[in-house]
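Enquirer: Residue numbers (the numbering used here): 20 to 468.
1) So if DSSP puts residue 191 in a beta bridge, which residue, or which two residues, is it bridged to?
2) Please report the straight-line C-alpha distance between residue 326 and residue 374, rounded to a whole angstrom.
3) Rounding to the nearest angstrom, what Cα-Cα distance links residue 95 and residue 72 in this structure?
4) Whether or not the segment 72-82 and the segment 211-225 are in contact is what I'm after, with contact meaning three or more pairs of Cβ atoms, one per stretch, closer than 8 Å; do they touch?
5) Which residues in the same chain have their Cβ closer than 8 Å to the Cβ of residue 403, if we skip the five residues on either side of it in sequence?
6) Would you decide whether residue 415 is buried or exposed? Buried here means 16 or more other CB atoms lie within 10 Å of its CB.
7) Taking the Cβ atom as the reference point for each residue, do residue 316 and residue 218 lie within a distance shorter than 9 Å?
8) What's the gap between the Cα of residue 62 and the Cα of residue 247?
9) Beta strand (DSSP E) containing residue 318: first to last residue?
10) Just to confirm my understanding: we take residue 451, look at its own chain, exclude 5 residues before and 5 after, and list those with CB closer than 6 Å. What are they?
11) Use the C-beta contact count for residue 459: other C-beta atoms within 10 angstroms, 16 or more gives buried, fewer gives exposed.
12) Relative to the C-alpha of residue 359, which residue among 136, 391, 85 is closest?
13) Could you spell out the range, first to last residue, of the alpha helix (DSSP H) harbouring residue 156?
14) Count the other C-beta atoms from every protein chain shown that fall within 10 angstroms of the C-beta of residue 234, then say buried if there are 16 or more, exposed otherwise.
15) Less than 9 Å between the C-beta atoms of residue 117 and residue 195, yes or no?
16) For the alpha helix (DSSP H) holding residue 418, just list the boundary residues, first then last.
17) Going by the DSSP bridge assignment, what does residue 132 pair with across the sheet?
18) Does the Cβ of residue 22 have 16 or more other Cβ atoms within 10 Å, making it buried, or fewer, making it exposed?
19) Given a cut-off of 9 Å, decide if residue 412 and residue 435 are closer than it, judged by their beta-carbon atoms.
20) With a 10 Å radius around its C-beta and 16 neighbouring C-beta atoms as the bar for buried, classify residue 318 as buried or exposed.
21) When the Cα of residue 134 is compared with those of 101, 164, 353, which residue comes out closest?
22) Alpha carbon to alpha carbon, how far is residue 143 from residue 185?
23) Measure the C-alpha to C-alpha separation of residue 69 and residue 231 and round it to an integer number of angstroms.
24) On the DSSP bridge list, what partners appear for residue 104?
25) Report buried or exposed for residue 263, applying the criterion of at least 16 other Cβ atoms within 10 angstroms of its Cβ.
26) Leaving out five residues before and five after residue 371 in sequence, what residues of the same chain have Cβ atoms less than 7 Å from its Cβ?
27) With three or more C-beta pairs closer than 8 Å as the rule, is the segment 94-109 touching the segment 174-184?
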């Protein structure tokens, strides 16, 4: 039997603008329709034709980008808002952890608010009295429960709201990204409570950006995108498809950002024919910043040799901006020299988003002696394993004389992102393994305990 059933459910909101506004509720009602008479460009579909069911005792994780309709979907299931079309059916008492502390009055004490909020969620006064001490203990609010709610910090406010909602003992629990309501210890308490609900055969609908939690905790995953269902089924499969889609979007955004950065410094197109003479007007100046580690984004040099294109390529050889920790990456540097030159060094540098140099080298450091460059050429710098932790990084590429005189220096003009399911910290992720004595044991988080 299903605890939650949605059949072709849609929710349409009106777009507000100066062009058309009702001055009063009366004028809106006299117009006979609040939404039906609006043009398509005056409405916004937050949820579109969604159909799915959650069996009793099952846990469904809902994932998707911000604005994809996840929270609206939960509000439809909770009955906070009604569908514009379609049907929503829920069997059993609902507790919705959507807007924690909604209904709390700031002027009265936490104690009084617990009773008011509990009654709003369907408990009797006797039931609240019986569970009161447990609620306060779970929220870690023993010292402040009789203080006015307006004196609470945001964390205290959210913890108390969570504690009330979780102790309603519902058949259906709706959770909307509420695991950030406290410190790490409180987060673990929340997860333990969810696990208890799951063991007791409760139905859970969980909206979260924590993909690992969905894979470990949920029986199925639902991917929302633009108000529509993009996929539903096995959590690992759905999460994998979602991650791939996010990476495609990030790829497009990073490519657009790089294009703007490069356009601002007038990078030469590789399609232009090579000139047989040197440029009359070098870009900016042949002198770079005094302190390279404090230099800002830009380009400088004499352009006696030009860098005409830079691409980062993944293991398939295609240009990309998003990579995974441990993947091979090749930096392809297209060069053009109108005349033969025998004094040149090609360099490369990796910086993180904060401007910290992660790595830098050049052909001179690696004892490669320049012989000749003439016409169109290409240098390829291959990293066998990109052992960087997850984050955004910038790339420096340069060609200069042995004494440092810059022909063409591209400073922080190329951005790439490293993705990893392992959330370690720092910059560099060395290859490693753990080993333990017989008296010290661990199990993988994904393994059954």
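Built from N, CA and C at the ideal position, the CB exists for glycine as well.
Because the structure is a prediction, the values reported are computed rather than measured.
Expert: Reading it off the structure:
1) 113, 222, per the DSSP bridge assignment.
2) The alpha-carbon separation between residue 326 and residue 374 amounts to approximately 22 Å.
3) Their Cα atoms are separated by approximately 14 Å.
4) yes
5) 347
6) buried
7) No.
8) 16 Å
9) 317-319
10) none
11) exposed
12) 391
13) Segment 144-158, the alpha helix (DSSP H) holding residue 156.
14) buried
15) In this structure, the beta-carbon distance from residue 117 to residue 195 falls below 9 Å.
16) Unbroken run through residue 418 is the beta strand (DSSP E), 410-419; no alpha helix (DSSP H).
17) BP columns for residue 132 are empty, so no partner.
18) With 16 or more other CB atoms across the displayed protein chains lying within 10 angstroms of its CB, residue 22 is buried.
19) yes
20) Buried: at least 16 other Cβ atoms inside 10 Å.
21) 164
22) 15 Å
23) Taking the Cα positions, residue 69 is about 25 Å away from residue 231.
24) 29
25) Exposed.
26) 377, 410, 412, 446
27) no
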